[in-house]
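At position 477 of the sequence shown the residue is numbered 477 (UniProt numbering), and the sequence of numbers has no breaks. Just so you know, even glycine gets a beta-carbon here, dropped at the ideal spot from N, CA and C. It should be emphasised that the depicted structure is a prediction, and the values quoted were computed from it without experimental measurement. Working notes, structure below.
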Amino acid sequence: MKRRRVHSEFKETEYDRMPPVYRMDNYSECVGRTMAHYCTVHFTLVSDAPSELLFMIQEYSLKYTTHFNHSDLRYGICIKEKCPRYSGNQSLVSEEHLEACLNETFWSEYKLRTRVQHASCHRGHDTYTQVDTSDVFTGLLVLFTLTSNVVGSLYDILTSHEKQQGNNLLMCFSVKENWLQLTSTSDHFGEELKQFRAIYGIRALVIVSIVFGHMNTPFQLFGDNVRGMEEIYHDPLQMIVFSGSLLVQIFFVLAGFLLAYKLQKLFEKTTVSWDFVPKTVFFRWLRLTPPYAILVALMATWLRFTKSGPFWEVDAGLEVADCRRRWWLNLLYVNNYVYKSQCIPQSWYIAADMQLWILGLVVCLVLRGSRYKKWLLGALVAAGVAIPALHTYFQDLEAMLLLHPSGCRSFFSTDPTYNEVYKRGHTNLVSFAIGLATGYLVYDWQERDVLIANYVRYRLLHWLIIPLGAAFMWLGSVFYRDAPRDPLLVRTAFAAVCRPIMGFLTAAFILGMIFRIDRGRRHIKEDPQADTKKERKFQMQELLRAIMEWKGWILPGRLSYCVYLIHYPLIRLYGSTRVDLIYTSPLSIYLTTAVVTVVSFLVAVPLSLLVELPFIRVGKLLARKETPHEDAVPDHVYSTHL
Numbered sequence: 001m002k003r004r005r006v007h008s009e010f011k012e013t014e015y016d017r018m019p020p021v022y023r024m025d026n027y028s029e030c031v032g033r034t035m036a037h038y039c040t041v042h043f044t045l046v047s048d049a050p051s052e053l054l055f056m057i058q059e060y061s062l063k064y065t066t067h068f069n070h071s072d073l074r075y076g077i078c079i080k081e082k083c084p085r086y087s088g089n090q091s092l093v094s095e096e097h098l099e100a101c102l103n104e105t106f107w108s109e110y111k112l113r114t115r116v117q118h119a120s121c122h123r124g125h126d127t128y129t130q131v132d133t134s135d136v137f138t139g140l141l142v143l144f145t146l147t148s149n150v151v152g153s154l155y156d157i158l159t160s161h162e163k164q165q166g167n168n169l170l171m172c173f174s175v176k177e178n179w180l181q182l183t184s185t186s187d188h189f190g191e192e193l194k195q196f197r198a199i200y201g202i203r204a205l206v207i208v209s210i211v212f213g214h215m216n217t218p219f220q221l222f223g224d225n226v227r228g229m230e231e232i233y234h235d236p237l238q239m240i241v242f243s244g245s246l247l248v249q250i251f252f253v254l255a256g257f258l259l260a261y262k263l264q265k266l267f268e269k270t271t272v273s274w275d276f277v278p279k280t281v282f283f284r285w286l287r288l289t290p291p292y293a294i295l296v297a298l299m300a301t302w303l304r305f306t307k308s309g310p311f312w313e314v315d316a317g318l319e320v321a322d323c324r325r326r327w328w329l330n331l332l333y334v335n336n337y338v339y340k341s342q343c344i345p346q347s348w349y350i351a352a353d354m355q356l357w358i359l360g361l362v363v364c365l366v367l368r369g370s371r372y373k374k375w376l377l378g379a380l381v382a383a384g385v386a387i388p389a390l391h392t393y394f395q396d397l398e399a400m401l402l403l404h405p406s407g408c409r410s411f412f413s414t415d416p417t418y419n420e421v422y423k424r425g426h427t428n429l430v431s432f433a434i435g436l437a438t439g440y441l442v443y444d445w446q447e448r449d450v451l452i453a454n455y456v457r458y459r460l461l462h463w464l465i466i467p468l469g470a471a472f473m474w475l476g477s478v479f480y481r482d483a484p485r486d487p488l489l490v491r492t493a494f495a496a497v498c499r500p501i502m503g504f505l506t507a508a509f510i511l512g513m514i515f516r517i518d519r520g521r522r523h524i525k526e527d528p529q530a531d532t533k534k535e536r537k538f539q540m541q542e543l544l545r546a547i548m549e550w551k552g553w554i555l556p557g558r559l560s561y562c563v564y565l566i567h568y569p570l571i572r573l574y575g576s577t578r579v580d581l582i583y584t585s586p587l588s589i590y591l592t593t594a595v596v597t598v599v600s601f602l603v604a605v606p607l608s609l610l611v612e613l614p615f616i617r618v619g620k621l622l623a624r625k626e627t628p629h630e631d632a633v634p635d636h637v638y639s640t641h642l
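Structure (structure tokens):
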């Protein structure tokens, strides 16, 4: 789609001539009346003859990167109030009736006509949802999970006085034990990997940033201030948020890094054959799937019983329908290769991560003892750079995922850049490959006892990594500017470099944290009479690492996977159950984001405590039974998730 220049100073009087993108009649009053229908109508503006107003609307909407499509409207209509001549006593209101009613209004006010694309109508007493087999199955699944936790907890209490508790499987479901594990301030990496503690801080900060980015969605869908949402795209600080789609590359780097490093440690202790691959993939699947499956089941079934309000069909209803129809794609981790994926749509990352993790596992086994590690890893990085560029060039895509209003309104269900490049496994290869290479590099440096003091001159660069990353994300705002669409070669070049730049910045940050480059030439045994000013200088240099290794990040870092799973369903539930438009202002967006973030972490606690952690322990138990030698148990190899 070509973009034409739209003057940035669009006059207020001209803007006010356009019909509102969203308009809602009072829902509560309408459905409280006997036999009163309330319809949410999605329609487009048309004209039988040339219309200067329609041309202006279409011209303004061409700037789709920052403007809503003002010819694509959604109204909530109380039929008895706004369309009394079409209401009658019939149980259904046809789209033809709605279109005729809208035409009367739009012709009298704007000399325009409408074409209804979709409408959902109901009355106040029509919200009853019949229970079906899938609802019962989900109920039994939840009941089994809760019962397992109750039985496991009782078993733990009744046998706590015994020196050795016999049934390890029941102990996996002990809420007391899992709570202690979840809230422990000691990290699960163990003494050998305690220098990786900053990873908790990275996970926690990135997951909060992702929630912040996704919170724009309900305001794009149901906001009462469309003009204000469009103006946000011109806020320099907000432009970093709108390029925040690149943040997820950090997780790909972490996954590749932890996989490569942990496998090298495993290979030190045991000989691994190729049957290690399917076994470990199974444990990885078991590690990720239980909380994910519970959530998919709830979205496909019980979420239907929250059906209320005029927005349900255009938001949560889409998720319910897709989860009921294609739930198996999610549980097989291939949902990131289909269009219009609305079942827990943010789970594309989990699928892509699983696909790349399996590839990384195979690559690491191939590279055992190989002299060509650098060449193969370099080839993977080069392929990862080329793949998004080739997609962008041959499919004429955007340079990166643009969080434009039209895309946010549908979670990019048909956006070609999102579906062809952003969410697929192979198109995110480069960051994962950089992570693999970083894992090998860290292992090699530790084995050779590389003196980090030799790299002290890069200390300032390490401090600059975060502002450099923010500056690069802000650079992505160039693709939102008021200008014609950028040439294909420019978009291709940016598509090629944006992921590796974020990947290399993340890798450099990890290296600096692990090897404590901020300490520079400081000796382990310090002079007790050291100068106070010099001591303060060292403390300032270590400030960043102290922040990232703060023990307060451990709990939110452990909850990051469940928060990632649950936050977007909560956002959808928040929007779908409303009965009026959302008041939109910068303050309201920030406050709502803070509330949703806190609620996401609170809901993640029982999800992790009752589902995630028990099955992590079950996986470890099965792994130990499968492999009798303790050294060969890949307890943490398959735990390289969020």
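- Rounded to the nearest whole angstrom, the CA to CA distance from residue 82 to residue 338 is 40 Å.
- Contiguous beta strand (DSSP E) elements confined to the region 29 to 80 occur at 38 to 46, 72 to 78, taking only those with 3 or more residues.
- Annotation for residue 116: no alpha helix (DSSP H) segment contains it, though the beta strand (DSSP E) segment containing it runs 113 to 122.
- Sequence-distant Cβ neighbours of residue 513 in its own chain, meaning closer than 7 Å and more than five residues away, are 198, 545, 548.
- Annotation for residue 499: the continuous alpha helix (DSSP H) segment containing it runs 488 to 514.
- In the DSSP annotation of this structure, the continuous segment of the alpha helix (DSSP H) that includes residue 354 starts and ends at 348 to 366.
- Take residue 396, set aside five residues on each side of it, and the residues of its chain with a beta-carbon closer than 8 Å to its own are 488, in chain order.
- Excluding five sequence positions before and after residue 468, the CB atoms of its chain that fall closer than 8 Å to its own CB belong to 505, given in chain order.
- Annotation: the continuous alpha helix (DSSP H) that includes residue 443 extends over 429 to 447.
- Bounds of the beta strand (DSSP E) holding residue 22 are 22 to 24.
- For residue 103, the enclosing alpha helix (DSSP H) has its first and last residue at 95 to 110.
- For the options 283, 466, 22, the alpha carbon positioned closest to that of residue 618 is the one of 283.
- The residue among 104, 115, 109, 242 with its C-alpha nearest the C-alpha of residue 95 is 115.
- Per the Cβ contact rule, the region 208 to 217 is in contact with the region 559 to 569 (3 or more Cβ pairs under 8 Å).
- Under the Cβ criterion (8 Å, minimum of three pairs), the region 489 to 504 counts as touching the region 383 to 401.
- By the Cβ test, the region 276 to 290 is in contact with the region 606 to 626, since at least three Cβ pairs between them sit closer than 8 Å.
- If you draw a straight line from the Cα of residue 254 to the Cα of residue 435, it comes to about 6 Å.
- Counting only residues of its own chain and dropping the five nearest sequence neighbours on each side, residue 416 has a CB closer than 7 Å to the CB of 395, 397.
- Here residue 182 is near residue 609, since their CB atoms are less than 8 Å apart.
- Taking all protein chains shown into account, residue 167 has fewer than 16 neighbouring C-beta atoms within 10 Å of its C-beta and is therefore exposed.
- A distance of 8 Å or more separates the beta carbons of residue 154 and residue 252.
- Uninterrupted alpha helix (DSSP H) stretches at least 4 residues long and entirely within the region 553 to 591 occur at 554 to 558, 560 to 576, given in chain order.
- Nearest C-alpha to residue 408 among 464, 69, 13: 69.
- Measuring C-alpha to C-alpha distances from residue 450 to each of 482, 425, 479, 516 identifies 516 as the nearest.
- Among the bridge pairs identified by DSSP, residue 223 is matched with 582.
- Taking a 10 Å sphere around the C-beta of residue 157, we find fewer than 16 other C-beta atoms and assign the residue as exposed.
- Annotation for residue 178: 609, 613 place their beta carbon closer than 6 Å to its own, counting only its chain and skipping 5 residues before and after.
- DSSP, read as helix, strand or coil, puts residue 167 in coil.
- Closest in C-alpha terms to residue 598, from the list 587, 262, 559, comes 559.
- In this model, residue 24 and residue 219 are separated by some 15 Å (Cα to Cα).
- The Cβ atoms of residue 206 and residue 123 do not sit closer than 8 Å to each other.
- Annotated three-state conformation of residue 401 is coil, per DSSP.
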